[in-house]
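The sequence shown runs 1 to 1084 under full-length UniProt numbering. Backbone N, C-alpha and C define an ideal beta-carbon position, used for all residues, glycine too. Each remark here refers to the structure printed beneath this line.
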Amino acid sequence: MANITSGLNLPHLSCEIVGRPCCYGIQGECVITAREECDFRQGYFHTEATLCSQVHCMNDICGMFNFINPEIPDQFYRLITSNFIHSGLLHIAITVIIQMILMRDIEKMIGWWRTAIIYILSGLAGTLMSAIFLPHYVDAGPSGAHFVEIIRWSSDDNRMRTVLVLLAIFVFLLAIGLLPVVDNYAHCGGFVIGFLLALALRPLPRDENNKRIYKVSYIISGLVGLILCLCINGALVYIFYYYPLYSCDYCSYFNCIPLTSTFCDGMYVDIKSFEIKSKKHGTSRPIAKLSMDDFAKGNYPNFKHHNNYLAEVLTEELYIKYLSKVTPLGGTLDKCIQCGVDSPSNPYIKKMLGILATDEHAYAIYSEIFDKIIEMKHGGFGPNHVHPKPNLDNSLVTNGELDSEYVISCRIRTGRNIRGFSLPPSMSRAERKRVEKHIVEALSTLSDNQAGKFLSLETMTDADRDKLIEDHILFDKPTGALLKTGGMARDWPQGRGIWCNKLNNFFVWVNEEDHIRIISMEKGGDMKSTFDRFCDALKKVEKVLNDNSHEFQHSERLGFICSCPTNIGTGLRCSVLIKLANLNNPKNKDLSDELFKLLRLQKRGSGGENSEGDVDVSDLSNSERIGVDEVTFVQNVIDSVHLVIKIEKCLENEEDYTDHMNAVKELSEKIKPKFTEMTTKPLKNVTTVTTDQYTSVYRLGEALNTMNLPISDNYPDLTKHANYLPEVLSKNLYKKYGPLRTSNGCTIDMCIQCGVDTPGHPHIKKMIGVVACDEECYTLFGDLFDKIVEMKHKMPKDVNQPPADLETVLDYKLDEEYVVSCRVRTGRSIKGIPLPPSMNRYERRKVETIVSEAVKTLDGEFEGKYYPLMDMNEEDQNQLIKDHFLFGKPEGALLVSSRMARDWPDARGIWHNKNKNFLIWINEEDHMRIISMELGGDMGAVFNRFCTGLKQVEELFIKKGHNFMHSEHLGYICTCPTNLGTVLRCSVHIRLIELGTKEENSELFDTVLTKLRLQKRGSDGENDAGEFGVFDVSNFERMNRNEPQLVSHVCKSVNLLIDLEKTLKAGESYDEIMTNIDDLAANY
């Protein structure tokens, strides 16, 4: 069993069998899972790939004789023995009849040995032909060998009759071979070889009247037949083993003509399948047929607006070269660079790297990319340089007492990661929990001044956490663009915490940017004591981990491995918090910039990397982490800070600092790294995948469960969540769905990640907490989505969504004294393409092309133009957003954690008609949002335009061969379960000063909205208040009703709201209006 493939368009993985020829065509289901799940399924667990297959081909199917070399599985004898096995009693009966009636006469005619040679070689040729052109079919029986029968006619002296008889036999058997239970390729192979062998082995004529020349021609034709026979058989063997035909869509038609949809089903043999619910729901995946190079070209990031190291380094050629390479833990190049693609940075702000490692293997596999960025970042540390061995001999540090009049505190920290686990950007919840467990166990062995306790962020109070952050002891949730888009904040705060010793001068951060950050710190300027404590504790922690069979990730060339290339090497940051009132003065900026550059120091604000803090206080540290050892880095910082203090004193006393600057320049030369060179060896055995494998297994670069951790360990902690997830996702349900993938590679974790990361609040609107990553998620994970649909839409799974109605004409005109504008919108998604939470750049661009090309042919009132966001300047974007025409970049927690904002603004845009009252948003939350809108209260005109335009758009799509995602039960399929069914949102911007802004009417307003099943937003969107007194009121549900019913209800409800507003304004009783509201609600 070898490569992973999903060429069968099944929603699971299948295993490509490479044992030849035994079971090359035998396909069994295969899933990525843990050993315990595999044992439960009674499957075979492949430790090298963390795959559970239904069978182990070599042991359970091939049988008979063992392979001589399991690395090159081969049982050639099966090409011959298959001629002696049969598929049933009828098959045996046919063979016996042919053997007894026809073959007996042949044996009498030419002898047993000639018959045996022709029989065996014809059968071999037939089996080879079948195995080459129909590798997924099972071949049994001697039909190819039976072509020895043609010797009867090839011995006939009447040549014309011989040709006609052979032609008739060939046509007849060719026609028979088109039936679903007969193998045409075996017939053809046997026919050709049988004919040639008949020429070669037929007996010489004994008639003495025949001329000598006739006998010579007889012999020559026989030799030619024999040579051709050997050449053809040899060629077939060579093709079979060295140029196998993995896939031929048309070859099967020569073997069976599909006269009906099921006529040829019997030609495929499939092992009994696991009961995976979604098998019958698999969707076609055109992207799988692309070559990896073509896919990579279409998936290459757009760096048009980028200003980071990644944009300078990652050429299209490099991207194409490395996209198909995956790490043993499931990491991909796309996963490494996503943070840089999503964080273009600003040309006027510090340049970011734009890349993070998914695991330690990424540095080696994508070395051309990482090495260039490391060289640019770390002062010329190139691909042929080697980092020195670790040096924690603290006795070598001298002059470590810094002036405490200026130095507020000293800190030394480093990062370490445990081998075998993914790094934080891609590690699973199970890995994070296991890392936490190993680290806490190791730290618990510390004694004396390093002894302490572990404080888990999961159990820590908000007050305690905020205090530790304020004191610079604890890390905060990543908020920086690079770390956030790099996946560092997933599942926060699960599996994170801090180890504190009793003296509060030694800390270990667990599962922040690296598995651990080891920190030694103290107030004042005693850097020597700080380093002593740091070295002692680090050595003890490493020893305990080693004793428990764990080691830190380390590279002979790069040193210690960390998530960010900034920190590789030593991982060490030696820093002082120092008062520099004069050097921080803007008038001395040039001096301070030159000083810190010469001393290779990085300056930050006192509050951290992206903060200002106290303007007179700076955080100074070594700018590099690689190229020199730990002791040297610490000594360099000590020597540099001494000189910085001397210059600060000179500025303070208005004295000359020339001598000190000369000393700085001398030290600068001394501390300049002198890198050691080494010869690098090319990496071997890197896993390369096809487009199909990449998009079905490695879609988002999720970590593979290579350590066989139980699925239950990956179950998220939902104890503090206030969304739908805790109510619908039990641990048993998670264990059921954990190993499964849709045909696009979407997992249950991809669907629920947004809910795990956005727990919600018990006193704020309850969020769903789940998105669909493709259409198939709604069926494969049906138990989960069905529960959510029933809770959200009050729609049981045995009830179907009513059919769409875009024919009914409505005539609603709302009071324009109160109604500012009307809008009707819906969402549509293109069948066969994943939804935005999981789609890649290629697929997103394909959606953009499909939609923009289709709508450009609209005419009349719908004639318009497409405007890509990539070509739009920021000012125009903001104006369109302000005018409610354009969507903004997703900023809400749910959308961001759902990965909706990846690659922004690539392949997003807006199409609108000339009147700007019919719009199509492309690649926002769904593939399309189709909108009809206008100022004023003519909702009838808005809805009728909506229906006409939507019908025309759908007709254009159908003509182009595209359909919208749709389910009989759920209606139109969209990303968020909130929007299933009609996906229609009918909204009115309505001015309600009395009802909406007066505190005494607040409860009344909420009560009325609840009764009428209406949703209220601010005029500027879901999370913005907008214009005072103007509200966006819309239908709460999208399901259980058709489009005209939803729009009619909103219009009737708005009329009642206006009546209520007027009554309140006049100070009159509104009892009658409330009765009308109750009646409308009851009939809805």
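In three-state DSSP terms, what is valine 617?
Numbered from 1 along the sequence shown, position 617 holds the residue referred to as residue 617. In this structure, valine 617 counts as strand in the three-state DSSP scheme.
If I follow the unbroken alpha helix (DSSP H) through serine 1048, where does it start and stop?
Start at 1 with the first residue of the sequence shown, and residue 1048 comes out as number 1048. Where serine 1048 is concerned, the enclosing alpha helix (DSSP H) stretches over 1043-1066.
Compute the beta-carbon to beta-carbon distance between glycine 936 and serine 821, rounded to the nearest angstrom, for a pair I have assumed lies under 8 Å.
Residue numbering aside, residue 936 sits at position 936 when the sequence shown is read from its first letter. Residue numbering aside, residue 821 sits at position 821 when the sequence shown is read from its first letter. Right, the Cβ-Cβ distance comes to about 7 Å (below 8 Å), so this counts as a contact.
Touching or not, the segment 844-859 and the segment 964-972, by the rule of three or more beta carbon pairs under 8 Å?
no
Across the segment 918-929 and the segment 776-784, are there enough close Cβ pairs to call them in contact, namely three or more that are closer than 8 Å?
no
Classify glutamate 401 as helix, strand or coil using the three-state DSSP reduction.
Working through the sequence shown from its first residue, we reach residue 401 at position 401. Note: glutamate 401 maps to strand in three-state DSSP.
Cβ distance (whole Å) where glycine 744 is taken to contact glutamate 848 below 8 Å
As a working note, residue 744 is residue 744 in the sequence shown. As a working note, residue 848 is residue 848 in the sequence shown. In the sequence as displayed, the identity of residue 744 is asparagine instead of glycine. No, asparagine 744 and glutamate 848 are not in contact; Cβ-Cβ is about 18 Å, not under 8 Å.
Going by Cα to Cα distance, which pick from Lys797, Gly981, His642, Ile647 is closest to leucine 583?
Locating residue 583 in the sequence shown gives position 583, where the first residue counts as 1. Checking every option, the nearest Cα to that of leucine 583 belongs to Ile647.
What does tyrosine 866 pair with, by DSSP beta-bridge criteria?
The sequence position of residue 866 within the sequence shown is 866, counting from 1. In the DSSP output, where bridge partners are listed per residue, tyrosine 866 has Trp911.
Mind checking whether proline 796 and asparagine 1042 have CB atoms under 8 Å apart?
Residue 796 sits at position 796 when you count from the first residue of the sequence shown. Residue 1042 sits at position 1042 when you count from the first residue of the sequence shown. Contact: no.
In whole angstroms, give me the CA-to-CA distance for residue 1089 and glycine 415.
Residue 1089 falls outside the range modelled here, since the chain spans only 1 to 1084, and no answer is possible.
Are there three or more Cβ pairs, one per stretch, closer than 8 Å when the segment 422-431 is compared with the segment 500-516?
yes
Top-ranked residue by Cα proximity to glutamate 551, from Val435, Gly1067, Asp334
Against the sequence shown, residue 551 aligns to sequence position 551. If we check each option's Cα against that of glutamate 551, Val435 comes out closest.
Identify every residue that forms a DSSP beta bridge with histidine 660.
In the sequence shown, counting from the first residue as 1, residue 660 sits at position 660. DSSP lists no partner for histidine 660.
At a threshold of 7 Å, does isoleucine 516 count as lining the ligand MG (C-beta to nearest heavy atom)?
Among the components modelled here there is no ligand, and therefore nothing to report on the ligand MG.
Distance, Cα to Cα, lysine 433 vs alanine 901?
The residue you call residue 433 lines up with position 433 of the sequence shown. The residue you call residue 901 lines up with position 901 of the sequence shown. The alpha-carbon atoms of lysine 433 and alanine 901 are separated by roughly 28 Å.
Suppose the cutoff is 7 Å on Cβ atoms and the five residues either side in sequence are ignored; what does the same chain contact list for glutamate 368 look like?
Residue 368 sits at position 368 when you count from the first residue of the sequence shown. Answer for glutamate 368: Leu318, listed in chain order.
Per DSSP, what kind of secondary structure is serine 520 in: helix, strand or coil?
Position 520 of the sequence shown, counted from the start, is the residue given in the question as residue 520. Secondary structure of serine 520 (DSSP, three-state): strand.
For residue 1095, which residues from the same chain have a beta carbon less than 6 Å from its beta carbon, with the 5 sequence-adjacent residues on both sides left out?
Residue 1095 lies beyond the range of the chain shown here (1 to 1084); nothing can be said about it.
Looking at C-alpha atoms only, which residue of Leu79, Val544, His91 is the closest neighbour of leucine 121?
Start at 1 with the first residue of the sequence shown, and residue 121 comes out as number 121. The shortest Cα separation from leucine 121 among Leu79, Val544, His91 belongs to Leu79.
Compare the Cα-Cα distances from glutamate 405 to each of Asp757, Gly971, Leu577 and report the closest residue.
For the purposes of this step, residue 405 is taken as residue 405 along the sequence shown, with counting starting at 1. Closest option to glutamate 405, judged by alpha-carbon separation, among Asp757, Gly971, Leu577: Leu577.
Exposed or buried, which one is glutamine 450 when buried takes at least 16 other CB atoms within 10 Å?
Indexing the sequence shown from 1 puts residue 450 at position 450. The residue in question, glutamine 450, is buried, as its Cβ has 16 or more Cβ neighbours within 10 Å.
So, using beta-carbon positions, are tyrosine 322 and leucine 333 closer together than 8 Å?
The residue given as residue 322 occupies position 322 in the sequence shown. The residue given as residue 333 occupies position 333 in the sequence shown. In this structure, leucine 333 lies closer than 8 Å to tyrosine 322 by Cβ.
Is it true that the CB of serine 898 sits closer than 8 Å to the CB of cysteine 986?
Counting from one through the sequence shown, the residue named residue 986 turns up at place 986. Counting from one through the sequence shown, the residue named residue 898 turns up at place 898. Result no, Cβ atoms of cysteine 986 and serine 898 do not sit closer than 8 Å.
Ordered along the chain, which non-local residues of its own chain (more than five positions away) have a Cβ less than 6 Å from that of arginine 411?
For the purposes of this step, residue 411 is taken as residue 411 along the sequence shown, with counting starting at 1. Taking arginine 411 as the centre and dropping the five residues before and after it, the same chain places the C-beta of Met521, Ser575 closer than 6 Å to its C-beta, in chain order.
Report yes or no: do the segment 391-400 and the segment 299-313 share at least 3 C-beta pairs separated by less than 8 Å?
no
Assuming histidine 660 and cysteine 650 make a contact with CB atoms under 8 Å, what is their CB distance in whole Å?
Locating residue 660 in the sequence shown gives position 660, counting from the first residue. Locating residue 650 in the sequence shown gives position 650, counting from the first residue. Histidine 660 to cysteine 650, Cβ: 7 Å. Contact.
Roughly how many angstroms lie between the CA atoms of asparagine 705 and serine 712, to the nearest whole one?
In the sequence shown, residue 705 corresponds to position 705, counting from 1. In the sequence shown, residue 712 corresponds to position 712, counting from 1. Asparagine 705 and serine 712: Cα-Cα distance of roughly 12 Å.
Taking the beta carbon of threonine 95 as the centre, do at least 16 other beta carbons fall within 10 Å, making it buried, or is it exposed?
Taking the first residue of the sequence shown as position 1, residue 95 is located at position 95. Buried: at least 16 other Cβ atoms inside 10 Å.
Since tryptophan 112 is in the beta strand (DSSP E), which residue starts that stretch and which ends it?
Position 112 of the sequence shown, counted from the first residue, corresponds to residue 112. From DSSP, tryptophan 112 is part of no beta strand (DSSP E) but of the alpha helix (DSSP H) over 112-133.
Would you kindly report the start and end of the unbroken alpha helix (DSSP H) that includes isoleucine 647?
Counting from one through the sequence shown, the residue named residue 647 turns up at place 647. Looking at the DSSP string, the run of the alpha helix (DSSP H) that includes isoleucine 647 is 630-652.
Buried or exposed for tyrosine 737, please, with buried defined as at least 16 other CB atoms from any protein chain shown within 10 angstroms of its CB.
Taking the first residue of the sequence shown as 1, we reach residue 737 at position 737. The residue in question, tyrosine 737, is buried, as its Cβ has 16 or more Cβ neighbours within 10 Å.
What is the DSSP secondary structure of leucine 919, reduced to helix, strand or coil?
Here residue 919 corresponds to residue number 919 of the sequence shown, with the count starting at 1. Leucine 919 falls in the strand class under three-state DSSP.
Taking the DSSP output, what are the residues bridged to leucine 935?
By 1-based counting over the sequence shown, the position of residue 935 is 935. Answer by DSSP bridge pairing, in chain order: Ser821.
Check whether leucine 340 and glycine 701 have beta carbons under 8 Å apart
Along the sequence shown, one-based indexing puts residue 340 at 340. Along the sequence shown, one-based indexing puts residue 701 at 701. Before going further, note that residue 340 is glycine rather than leucine in the sequence given. Cβ atoms of glycine 340 and glycine 701: not closer than 8 Å.
What does the Cβ neighbour count give for asparagine 299, buried or exposed, with the cut at 16 atoms within 10 Å?
Numbered from its first residue, the sequence shown carries residue 299 at position 299. It counts as buried.
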